[in-house]
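Structure record follows, encoded as structure tokens.
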Amino acid sequence: GAVVSQHPSRVICKSGTSVKIECRSLDFQATTMFWYRQFPKQSLMLMATSNEGSKATYEQGVEKDKFLINHASLTLSTLTVTSAHPEDSSFYICSATTQGETQYFGPGTRLLVL
Amino acid sequence: AQSVAQPEDQVNVAEGNPLTVKCTYSVSGNPYLFWYVQYPNRGLQFLLKYITGDNLVKGSYGFEAEFNKSQTSFHLKKPSALVSDSALYFCAVRDGLRGSTLGRLYFGRGTQLTVWP
Chain A
196 GAVVSQHPSR VICKSGTSVK IECRSLDFQA TTMFWYRQFP KQSLMLMATS NEGSKATYEQ
256 GVEKDKFLIN HASLTLSTLT VTSAHPEDSS FYICSATTQG ETQYFGPGTR LLVL
Chain B
100 AQSVAQPEDQ VNVAEGNPLT VKCTYSVSGN PYLFWYVQYP NRGLQFLLKY ITGDNLVKGS
160 YGFEAEFNKS QTSFHLKKPS ALVSDSALYF CAVRDGLRGS TLGRLYFGRG TQLTVWP
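Protein sequences, first through last, are from chains A and B. The numbers in this note's numbering rise by one with no breaks, and the one at position 10 of the first sequence is 205. The numbers in this note's numbering rise by one with no breaks, and the one at position 43 of the second sequence is 142.
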């Protein structure tokens with residue numbers, strides 16, 4: 196149980212395009228989902244917290260117009276990187292939790308912007 | 100404010116030997132502590148957690164962790180290391196369950212464990 200999937204696992208895009216990453220909780224309902232960014236050999240940096248049916252809460256320094264988060268259902272949250280640039284290249288990981296208990300993480304999405 | 104420290108960037112151990120990955124924490128209330136493991140190019144896998152109860156917590160893949168309130172530590176241990184245990188390990192402490200950041204985790208910077216044959 197407690198499986199979280201992400202799609203796509205890897206994406207390469209041209210600078211200026213938008214990329215959507217999906218995060219799904221497969222066997223439980225996630226009241227809260229989190230989006231993280233991880234740079235090579237570093238810890239996870241929390242980008243935003245997403246509660247189902249409400250606006251995401253962004254961490255300081257994260258542009259909400261750049262990183263659009265939608266949590267439309269209890270099993271799906273999406274992160275859209277708008278007008279992506281090379282500096283947005285990174286490993287993006289989502290996690291999901293029910294009522295604030297254990298966070299279960301997706302496998303991550305590797306984004307490369309050319 | 101919550102914070103976690105993992106004092107070692109790297110831990111090296113021979114296969115079959117016991118391993119310890121250290122973690123200390125700072126919290127403003129009751130500590131809710133977690134260990135996760137990350138393999139290359141993968142997300143984090145949950146190993147174990149301490150919420151309340153026994154100070155010795157047993158988790159996945161033979162790992163265990165000991166909660167020590169007086170030393171504010173939550174070290175990860177395994178009696179006999181395997182080469183396949185080689186990975187990046189993260190300790191984390193959870194935020195309170197109020198407000199918009201429900202259950203937010205604060206991570207240590209990670210410890211790379213290498214187990215050689």
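Glycine included, C-beta positions come from ideal geometry on N, C-alpha and C.
C-alpha distance - residue i paired with residue j, whole-angstrom precision
i: A:Ala267; j: A:Pro203; result: 19 Å
i: B:Tyr149; j: A:Leu241; result: 22 Å
i: A:Val214; j: A:Thr277; result: 7 Å
i: B:Val192; j: B:Gly128; result: 11 Å
i: A:Ser290; j: A:Val199; result: 7 Å
i: B:Leu187; j: A:Leu239; result: 12 Å
i: B:Ser172; j: B:Gly152; result: 15 Å
i: A:Glu258; j: B:Pro178; result: 45 Å
i: B:Ser159; j: B:Val126; result: 25 Å
i: A:Cys218; j: B:Gln170; result: 38 Å
i: A:Glu247; j: A:Tyr231; result: 17 Å
i: A:Asn265; j: B:Trp215; result: 44 Å
i: B:Arg205; j: A:Ser284; result: For clarity, residue 205 of chain B is Tyr in the given sequence; the question names Arg instead. Rounded to the nearest angstrom, the two C-alpha atoms are 23 Å apart.
i: A:Asp222; j: A:Ile216; result: 19 Å
i: B:Gly161; j: A:Asp260; result: 44 Å
i: A:Ala251; j: A:Ala279; result: 20 Å
i: B:Ser199; j: A:Thr275; result: In this prediction, B:Ser199 has a pLDDT of 47, which is less than 50 and means its spatial position is unreliable; nothing more can be read from the coordinates.
i: B:Asn167; j: B:Leu212; result: 22 Å
i: B:Arg181; j: B:Leu132; result: Just to set this straight, residue 181 of chain B is Leu in the shown sequence, not Arg. Distance between the alpha carbons of B:Leu181 and B:Leu132: 24 Å.
i: A:Ser220; j: A:Ala197; result: 7 Å
i: B:Ser183; j: B:Glu107; result: 20 Å
i: B:Glu165; j: B:Trp134; result: 11 Å
i: B:Arg141; j: A:Gln237; result: 13 Å
i: A:Arg305; j: A:Gln298; result: 20 Å
i: B:Pro154; j: A:Phe262; result: Note on identity: in this sequence residue 154 of chain B is Asn, with Pro being the wrong assignment. The alpha-carbon atoms of B:Asn154 and A:Phe262 are separated by roughly 40 Å.
Inter-residue CB distance, residue i and residue j (contact presumed, cutoff 8 Å)
i: A:Phe300; j: A:Gln233; result: Their Cβ separation, rounded to whole angstroms, is 11 Å, which puts A:Phe300 and A:Gln233 out of contact at 8 Å.
i: B:Gln105; j: B:Lys121; result: 7 Å
i: A:Met228; j: A:Ser249; result: Actually they are not in contact, since the Cβ atoms of A:Met228 and A:Ser249 sit about 12 Å apart, beyond 8 Å.
i: A:Thr310; j: A:Gln224; result: With chain A running from 196 to 309 in the structure shown, residue 310 of chain A is simply not present.
i: B:Val103; j: B:Gly207; result: 4 Å
Close-in-space but distant-in-sequence residues of the same chain around residue i (CB under 8 Å, 5 per side omitted)
i: A:Glu296; result: none
i: A:Leu309; result: Ile207, Cys208, Lys209, Ser210, Pro281
i: B:Lys157; result: Leu147, Glu163
i: B:Gln137; result: Leu143, Gln144, Ala186, Leu187, Tyr188, Phe189, Gly209
i: B:Ala100; result: Ser125, Ser127
6 Å CB neighbourhood of residue i in its chain, flanking five on each side removed
i: B:Thr119; result: His174, Lys176
i: A:Pro302; result: Gln201
i: A:Tyr253; result: Ala243, Lys259
i: A:Arg205; result: Arg305
Neighbourhood of residue i by C-beta distance below 7 Å, restricted to the same chain and skipping five residues each side
i: A:Thr293; result: Phe223, Gln224, Ala225, Thr226
i: A:Ile288; result: Tyr231, Gln233, Leu239, Phe300, Gly301, Gly303
i: A:Thr212; result: Ala279
i: B:Thr123; result: Ala104, Thr171, Ser172
Does the structure place the segment 109-116 of chain B close enough to the segment 143-155 of chain B that three or more beta carbon pairs sit under 8 Å?
With a cut-off of 8 Å, the segment 109-116 of chain B and the segment 143-155 of chain B do not count as touching, because too few Cβ pairs lie within range.
For the segment 142-159 of chain B, enumerate the residues whose C-beta is nearer than 8 Å to any C-beta of chain A, in chain order.
Gly142, Leu143, Gln144, Phe145, Lys148
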